[in-house]
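Take the sequence shown: its position 23, counted from the start at 1, is 218 in the working numbering, and no numbers get skipped.
Glycine included, each C-beta is placed from N, C-alpha and C at the ideal position.
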Amino acid sequence: MFGPLNGVRTALVVAAAVAAALAAAFGQWVMALVLLAGVVAHGFGWWYLYRRHRGDSVT
Numbered sequence: 196m197f198g199p200l201n202g203v204r205t206a207l208v209v210a211a212a213v214a215a216a217l218a219a220a221f222g223q224w225v226m227a228l229v230l231l232a233g234v235v236a237h238g239f240g241w242w243y244l245y246r247r248h249r250g251d252s253v254t
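Given below as structure tokens:
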């Protein structure tokens, strides 16, 4: 739906989520929060693009 690289982006976001979980498991809280912030930012970006693609109001 959003291009051929969307699968690569998905894999990278999943890897970042796994890395955040591992960082938290090892007590690296700052790194876990930074990685989770990136995952959340991508989630909002995908949500925005999906709504824009469907023609919904984004505002």
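**Study point:** DSSP three-state assignment for residue 250, whether helix, strand or coil
**Key:** coil
Exercise for review: With a 10 Å radius around its C-beta and 16 neighbouring C-beta atoms as the bar for buried, classify residue 236 as buried or exposed.
Suggested key: exposed
Exercise for review: Decide if the region 205-215 is in contact with the region 227-245; the criterion is three or more beta carbon pairs, one per stretch, under 8 Å apart.
Suggested key: yes
Review point. Out of curiosity, what's the CA-to-CA distance linking residue 178 and residue 250?
Key: Because residue 178 is not part of the residues shown, which for the chain are 196 to 254, the question remains open.
Exercise for review: Report yes if the CB atom of residue 224 is closer than 9 Å to the CB atom of residue 218, and no otherwise.
Suggested key: yes
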